[in-house]
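There are 2 protein chains.
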Amino acid sequence: MAAATKTFATYGYEGTSTEALVKSMGIGRQSMYDTFGDKRALYLEALQHYCFESVGQIAVTLQATGSPLTAIEAALLGFAARIQDDSMCLGVGSICEFGRRDREVTAIGKSSAASMQNIFAATIQRGKDLGEIPPEIDPKDAARFINATFIGLKVMARGGATHDDLRATAQMALRCLG
Amino acid sequence: MAAATKTFATYGYEGTSTEALVKSMGIGRQSMYDTFGDKRALYLEALQHYCFESVGQIAVTLQATGSPLTAIEAALLGFAARIQDDSMCLGVGSICEFGRRDREVTAIGKSSAASMQNIFAATIQRGKDLGEIPPEIDPKDAARFINATFIGLKVMARGGATHDDLRATAQMALRCLG
DNA sequence: AGTTTTCTGGAACGAACAGTCAAATAAAGA
DNA sequence: TCTTTATTTGACTGTTCGTTCCAGAAAACT
Chain S
471 MAAATKTFAT YGYEGTSTEA LVKSMGIGRQ SMYDTFGDKR ALYLEALQHY
521 CFESVGQIAV TLQATGSPLT AIEAALLGFA ARIQDDSMCL GVGSICEFGR
571 RDREVTAIGK SSAASMQNIF AATIQRGKDL GEIPPEIDPK DAARFINATF
621 IGLKVMARGG ATHDDLRATA QMALRCLG
Chain P
471 MAAATKTFAT YGYEGTSTEA LVKSMGIGRQ SMYDTFGDKR ALYLEALQHY
521 CFESVGQIAV TLQATGSPLT AIEAALLGFA ARIQDDSMCL GVGSICEFGR
571 RDREVTAIGK SSAASMQNIF AATIQRGKDL GEIPPEIDPK DAARFINATF
621 IGLKVMARGG ATHDDLRATA QMALRCLG
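Heads up: the sequence lines are chains S and P, in that order. Residues 471 to 648 (the numbering used here) are what the first sequence spells out, left to right. Residues 471 to 648 (the numbering used here) are what the second sequence spells out, left to right.
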């Protein structure tokens, strides 16, 4: 499944052949069809799984550290430091490829974005309660902005931006929380 | 050409069939091949043209208004107000689809991003000179950040975000420049 | 050890793909 | 008006696509 996720993220749905999937997953073609049904079902399952894991990871990062602001900083800067050159996030890739054309892809994307933004908003609210984040900041707006920043970083990285560039961009984004 | 751009932006390179191009461009199949050579050449030409126009538009917006900060605000908020639901930017789409896999696509994307960011950086520098933008802000970092914000807004819009959400996100981004 | 289930790799299938060909029509030039 | 050039339309071509079929091998079960 992880191999399918990576292949779909790299080449997109249309650009990924079943041959490429069979190769990257290292299973027989018939087993792939027996297990997942068809290419689209495999894509949906990979996307669902990917989004679920991503939300889980963000939740762990933002809920583990004492200071909410530090947690958000760690999430953004950690992402900028860690993301691999040329990699693509399947979530962002699915939005770019399908827009809202496919109802199930759209549903997974919206659900995942909503969960992600709820976690950000809750963290922002905690930061406001603790006086770390200015009171005039709306948690939902800030959550959407952070999500947009993650998207921007992902596409930049996909296009070959350096880690320094990504980190500087993340630093700029964090200014609005101070 | 505009029709080809829109079709490629909507479906991506792999997802766009030559039949769809013939239909959207409203010309004969043979004429399309006579004029552009093949699908890939048409894509490259559409991408080049799209990026050139985008940079031109941003230049006009950012260089026409007296106040640099106001100009950047107008660019971001204007974009958030104007962008159409479900549309896709061919530039962002090309990065997401190809990453750095295709040398010519990558070259067009990097060149366009560099031009765009130079315009942003020059505007930021003017804002610093006029005291509108804090002196500790690095123009190149800010330029990259603004570009990342545009990317984030474009993908959000593609995923169905409302204009209010986009505007609020743009407002958050503008806080980083204050 | 024998039997059953699962997996593999290759072949086959029909549909879709990008690109080419050919004849007819329309537009441009003399 | 006639000739030349460009465009259109439909058909065609070989390749690739996603999916199914099949026989043999491997793994799991009794």
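Glycine is no exception: its CB is placed at the ideal position from the N, C-alpha and C atoms. Predicted model, so just to flag it, every value in this text is computed and none were measured.
Original post:
Does the beta carbon of Tyr-483(S) sit closer than 9 Å to a beta carbon anywhere in chain P?
Top reply: yes
Subject >> Cβ-based burial, Glu-510(S) [other Cβ within 10 Å; buried from 16] >> reply: The residue asked about is misnamed: residue 510(S) is Arg in this sequence, not Glu. Exposed is the call here.
**OP:** Rounded to whole angstroms, what's the CA-CA distance from Ala-544(P) to Arg-552(P)? Just pull it up for me.
**Re:** 11 Å
Subject >> Status (buried if at least 16 other CB within 10 Å, exposed otherwise) for Asp-635(S) >> reply: buried
Original post:
Taking Cβ-Cβ distances shorter than 7 Å, what residues in chain S pair up with Met-642(P)?
Top reply: Asp-611, Ala-612, Phe-615, Cys-646
**OP:** For Gly-622(P), go through chain S and note every residue whose CB falls closer than 7 Å to its CB, in chain order.
**Re:** Ala-618, Thr-619, Ile-621, Gly-622
Subject >> Proximity of Asn-481(S) and Ala-490(S) at Cβ, strictly below 9 Å >> reply: Inspection of the sequence shows that residue 481(S) is occupied by Tyr rather than by Asn. Closer than 9 Å, so yes.
Original post:
Using a beta-carbon distance below 9 Å, is Gly-526(S) in contact with chain P?
Top reply: no
**OP:** List in chain order: all unbroken alpha helix (DSSP H) runs of 4+ residues lying wholly within the region 570 to 638 of chain P.
**Re:** 573 to 599, 609 to 628
Original post:
Going along the region 562 to 574 of chain P in order, which residues come within less than 7 Å of chain S, judged by CB to CB distance?
Top reply: Val-562, Gly-563, Ile-565, Cys-566, Glu-567, Gly-569, Arg-570
**OP:** Spell out whether any CB of chain S is found under 9 Å from the CB atom of Ala-591(P).
**Re:** no
Subject >> Asp-556(S): contacting residues in chain P (beta-carbon distance under 7 Å) >> reply: Gly-569, Arg-570
Original post:
Would Arg-628(S) count as contacting chain P if we go by Cβ distances under 9 Å?
Top reply: yes
**OP:** Mark Arg-587(S) as exposed unless 16 or more other C-beta atoms lie within 10 angstroms of its C-beta, in which case mark it buried.
**Re:** It should be pointed out that residue 587(S) corresponds to Gln in this sequence rather than to Arg. Gln-587(S) comes out buried.
Subject >> Secondary structure of Asp-556(S), DSSP reduced to three states >> reply: coil
Subject >> Three-state secondary structure (DSSP) of Ser-564(S) >> reply: helix
Original post:
Should Thr-639(P) be flagged as near chain S, meaning a C-beta pair shorter than 9 Å?
Top reply: yes
Original post:
Between the Cα of Gly-579(P) and the Cα atoms of Val-625(S), Arg-614(S), Phe-568(S), Thr-540(S), which residue gives the shortest distance?
Top reply: Val-625(S)
Original post:
With a CB to CB cut of under 8 Å and the five nearest residues on each side skipped, what residues in its chain are close to Gly-630(S)?
Top reply: Asp-555, Asp-556
Original post:
From Asp-608(P), Pro-605(P), Met-642(P), Asp-611(P), pick the residue whose C-alpha is nearest to that of Leu-623(P); which is it?
Top reply: Met-642(P)
Original post:
For the putative contact between Ala-627(P) and Leu-547(P), defined by C-beta atoms under 8 Å, what is the C-beta separation to the nearest angstrom?
Top reply: Between Leu-547(P) and Ala-627(P) the Cβ distance is about 14 Å, and since that is not below 8 Å, they are no contact.
**OP:** Compare the C-beta of Lys-441(P) with all C-beta atoms of chain S and state if any pair is closer than 9 Å.
**Re:** Any question about residue 441(P) goes unanswered here, given that chain P covers just 471 to 648.
Original post:
Buried or exposed: which applies to Arg-614(S), given that a residue is buried once 16 or more other Cβ atoms fall within 10 Å of its Cβ?
Top reply: buried
**OP:** Report the option in Thr-632(S), Gln-595(S), Ala-592(S), Ser-564(S) whose CA atom is closest to the CA atom of Gln-518(S).
**Re:** Ser-564(S)
**OP:** State yes or no: is the beta carbon of Thr-480(S) nearer than 9 Å to at least one beta carbon in chain P?
**Re:** yes
**OP:** Could you confirm whether any beta carbon from chain P is found closer than 9 Å to the beta carbon of Thr-475(S)?
**Re:** no
**OP:** Would you identify the three-state DSSP class for Thr-505(S), choosing helix, strand or coil?
**Re:** helix
Original post:
So, Ala-472(S) versus Tyr-513(S), is the Cβ gap smaller than 9 Å?
Top reply: no
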